[in-house]
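> Structure below; questions to follow.
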Amino acid sequence: MINFYSLFIITCFLVMAIIWVATAFSAKRVARKSGGWILRIIFYATIVLFIYLQKNIDFLTISLWSKTGTTYIVADVVTFAGLLVMLWARINLGKNWSANIVIKENHKLITSGPYAYVRHPIYSGLILMVLGIVLYVDTLGWLIFFIAFFFGAYYKAQKEERILINYFPDYLEYKNKVKTLIPFIF
446 MINFYSLFII TCFLVMAIIW VATAFSAKRV ARKSGGWILR IIFYATIVLF IYLQKNIDFL
506 TISLWSKTGT TYIVADVVTF AGLLVMLWAR INLGKNWSAN IVIKENHKLI TSGPYAYVRH
566 PIYSGLILMV LGIVLYVDTL GWLIFFIAFF FGAYYKAQKE ERILINYFPD YLEYKNKVKT
626 LIPFIF
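In the working numbering, the protein residues as written are 446 to 631.
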């Protein structure tokens, strides 16, 4: 059922998608690529599989907590916070941003803004947005998806870091000071 709370979450994801597509064209040219198409195929296949399983396996629809107006508000706030983190990070990255694991021409290591708190704030923001869905939908299936999504984001972050360590001599020092996805924790 679509209500204000679910519409708000959908709107946050649409805003993110529109901004990402609109700003992708202003990014710098790629200087060095790393294969990322396999990760993308796995990601989209996992989403399709998840949607199929969610509709066809009853235990995945088990409710984890009671839904209340407060739960919906918290879901919206978490989703919106995730969107803000992603936008802040995207603005700080500027033309260095890419959806793929690449090094851009004249690539710069960004360590300010949200990058002073976590090394991968775009992933952190997206994780918060998916957590907002979990809080709103309230099913075991979505919780399982969230856990898989979290580890998928962590895996992609690790792949990116292998490239960044080779390209930026300062990256190891930055990595030792700043957490990966959750400020001060992880």
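Even for Gly, the Cβ is constructed at its ideal location relative to N, Cα and C. Remember, it's a predicted structure, so these values are computed and weren't measured experimentally.
Would the segment 538-554 count as touching the segment 584-596 if we require 3 or more Cβ pairs under 8 Å?
no
> Pull up the CB-CB distance for isoleucine 630 and alanine 598, whole angstroms please, since I reckon it's below 8 Å.
Not a contact, Cβ separation roughly 15 Å.
> Given this structure, state the Cα-to-Cα distance separating leucine 532 from leucine 585, to the nearest angstrom.
29 Å
> Determine whether the beta carbon atoms of isoleucine 589 and alanine 520 lie at a separation below 9 Å.
no
> Which residues share a DSSP beta bridge with threonine 516?
Bridge partners of threonine 516: none, in fact.
> Have a look at the DSSP bridge pairing and note the partners of threonine 584.
Ser508
> Would you mind listing the alpha helix (DSSP H) stretches within the segment 544-616 that are 4+ residues and don't spill past its ends, in chain order?
566-582 and 585-612
> Excluding the five sequence neighbours on either side, which residues of its own chain have a C-beta within less than 7 Å of the C-beta of valine 466, listed in chain order?
Cβ within range, chain order: n/a, list empty.
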